[in-house]
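Peer 1: Have a look at this one before I ask anything.
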């Protein structure tokens with residue numbers, strides 16, 4: 001196994017990243033003060049960090065983080081369940097595809113965030129509307145990846161299994177599903193981030209709690225530093241969600257050659273997971 005380069009191995013890679021972040025923040029701070037940019041246009045990092053500290057110290061951020069986290073995860077799991085089931089049915093049944101394909105194309109072309117106001121009207125300002133919107137936004141990329149993955153099995157392998165009298169169920173579990181797993185996990189990475197976006201958009205439109213609602217309230221009071229601090233929290237949440245899916249992918253797709261290459265390239269422990 002090839003050794004990881006020194007720039008991506010252990011504390012060396014982490015140190016370089018921290019240095020890059022520090023340089024960026026110092027440059028931002030210096031630019032704001034040097035150019036005398038008003039805080040309501042672009043606050044310095046020191047003001048953002050102060051707002052972040054105050055938000056956590058008062059437990060205000062914690063309350064809204066849990067709300068958005070709950071909405072996002074529920075919407076993600078709901079969207080994943082529907083996408084995998086419907087994608088599998090469409091991929092394996094030509095009749096179902098014939099009747100559903102026009103509706104799939106229409107809904108895929110429609111901006112999902114534009115439905116948020118209608119979803120709020122239909123399901124109210126509570127949890128349900130946020131979960132539905134998050135699930136709807138996460139649904140389509142995963143469904144498309146599921147369909148493409150299940151249909152990507154090589155025809156020669158399909159014919160070989162049929163010649164061995166394999167049933168459709170055996171072909172699905174032993175060939176089509178394993179072959180589709182890389183596509184499904186790629187869709188999961190997208191769906192996870194989209195679920196967070198869907199929940200935030202629904203909170204923008206109308207909500208009683210959540211980080212999106214908090215950003216809206218800060219916008220009315222011109223608390224730009226507070227808005228930046230909430231955006232920072234959302235960025236960290238998105239990174240954490242993505243890391244969860246990547247971690248699961250590395251464990252599940254250990255047999256995939258492309259996955260092994262990615263793991264060797266990204267590993268920061270000299271090739272030992």
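Residue numbers (full-length UniProt numbering): 1 to 273.
Each residue gets a CB set at the ideal place from its N, CA and C atoms; glycine is no exception.
1) I'd like the list of long-range same chain contacts for residue 213, defined as Cβ closer than 6 Å, with 5 residues on each side in sequence excluded.
2) So for residue 156, helix, strand or coil by DSSP?
3) For residue 186, which residues in the same chain have their Cβ closer than 7 Å to its Cβ, ignoring the five residues on either side in sequence?
4) Could you give the DSSP three-state label for residue 120: helix, strand or coil?
5) When DSSP labels each residue in this structure, what does residue 209 get in the three-state scheme?
6) To the nearest angstrom, how far is it from the Cα of residue 64 to the Cα of residue 211?
7) Three-state secondary structure (DSSP) at residue 225?
8) According to the Cβ coordinates, are residue 224 and residue 39 closer than 8 Å?
9) Closest to residue 182 by CA distance: which of 148, 137, 217 is it?
10) Of the choices 29, 242, 179, whose alpha-carbon is the least far from that of residue 253?
11) Quick check on the DSSP output: the alpha helix (DSSP H) that includes residue 93 runs from which residue to which?
12) Work out the CA separation of residue 53 and residue 45 for me, nearest whole Å.
13) How many whole angstroms separate the CB atoms of residue 141 and residue 191, which I take to be in contact at a CB cut-off of 8 Å?
14) Quick one: using the 10 Å Cβ neighbour count with 16 as the cut-off for buried, is residue 24 buried or exposed?
15) What residues in its chain sit with their C-beta under 8 Å from that of residue 20, if we drop five residues either side in the sequence?
16) Does the Cβ-Cβ distance between residue 228 and residue 43 come in under 8 Å?
17) Can you tell which of 91, 71, 188 has its C-alpha closest to the C-alpha of residue 151?
18) Could you give the DSSP three-state label for residue 21: helix, strand or coil?
19) Mapping DSSP to helix, strand and coil, what is residue 187?
20) Within 10 angstroms of the Cβ of residue 239, are there 16 or more other Cβ atoms? Answer buried if so, exposed if not.
21) Decide yes or no for the touch test of the stretch 158-168 against the stretch 68-76: beta carbon pairs closer than 8 Å, at least 3 of them.
22) Thinking C-alpha only, which one of 249, 244, 62, 28 is nearest residue 193?
Peer 2: Judging by the given coordinates:
1) As a working note, residue 213 is residue 213 in the chain shown. If we look at residue 213 and ignore the five residues flanking it on each side, its Cβ neighbours are 203, 207.
2) To locate residue 156, count along the chain shown from 1; it is residue 156. Of the three classes helix, strand and coil, the one that applies to residue 156 here is helix, per DSSP.
3) For the purposes of this step, residue 186 is taken as residue 186 along the chain shown, with counting starting at 1. The beta carbon of residue 186 sits closer than 7 Å to those of 145, all from its chain and outside the five residues before and after it, given in chain order.
4) On the chain shown, position 120 is the one that residue 120 refers to. Here residue 120 sits in helix by DSSP.
5) Position 209 of the chain shown, counted from the start, is the residue given in the question as residue 209. Reduced to three states, the DSSP call for residue 209 is coil.
6) In the chain shown, counting from the first residue as 1, residue 64 sits at position 64. In the chain shown, counting from the first residue as 1, residue 211 sits at position 211. Residue 64 and residue 211: Cα-Cα distance of roughly 5 Å.
7) Taking the first residue of the chain shown as position 1, residue 225 is located at position 225. In the structure shown, the three-state DSSP call for residue 225 is helix.
8) The residue you call residue 224 lines up with position 224 of the chain shown. The residue you call residue 39 lines up with position 39 of the chain shown. Closer than 8 Å, so yes.
9) On the chain shown, position 182 is the one that residue 182 refers to. Cα-wise, what sits closest to residue 182 is 148.
10) Residue mapping note: residue 253 aligns to position 253 of the chain shown, counting from 1. For the residues 29, 242, 179, the minimum Cα distance to residue 253 belongs to 179.
11) In the chain shown, the residue the question calls residue 93 occupies position 93. Annotation: residue 93 is outside any alpha helix (DSSP H) and is labelled neither H nor E by DSSP.
12) Within the chain shown, the letter at position 45 stands for residue 45. Within the chain shown, the letter at position 53 stands for residue 53. Taken atom to atom, the span from the alpha-carbon of residue 45 to that of residue 53 is near 12 Å.
13) Looking up residue 141 in the chain shown gives position 141. Looking up residue 191 in the chain shown gives position 191. So it is a contact: roughly 6 Å between Cβ atoms.
14) By 1-based counting over the chain shown, the position of residue 24 is 24. So residue 24 counts as exposed.
15) The residue given as residue 20 occupies position 20 in the chain shown. Same-chain partners within the cutoff: there are none.
16) The count along the chain shown starts at 1 and reaches residue 228 at position 228. The count along the chain shown starts at 1 and reaches residue 43 at position 43. Yes.
17) The sequence position of residue 151 within the chain shown is 151, counting from 1. Here the closest residue by C-alpha is 91.
18) Counting from one through the chain shown, the residue named residue 21 turns up at place 21. Reduced to three states, the DSSP call for residue 21 is helix.
19) Locating residue 187 in the chain shown gives position 187, counting from the first residue. Reduced to three states, the DSSP call for residue 187 is helix.
20) As a working mapping, residue 239 is identified with position 239 in the chain shown. Around the beta carbon of residue 239, fewer than 16 other beta carbons sit within 10 angstroms, so the residue counts as exposed.
21) No, because fewer than three Cβ pairs between the stretch 158-168 and the stretch 68-76 fall closer than 8 Å, the two stretches do not touch.
22) As a working note, residue 193 is residue 193 in the chain shown. Of the candidates 249, 244, 62, 28, the one whose C-alpha sits nearest the C-alpha of residue 193 is 244.
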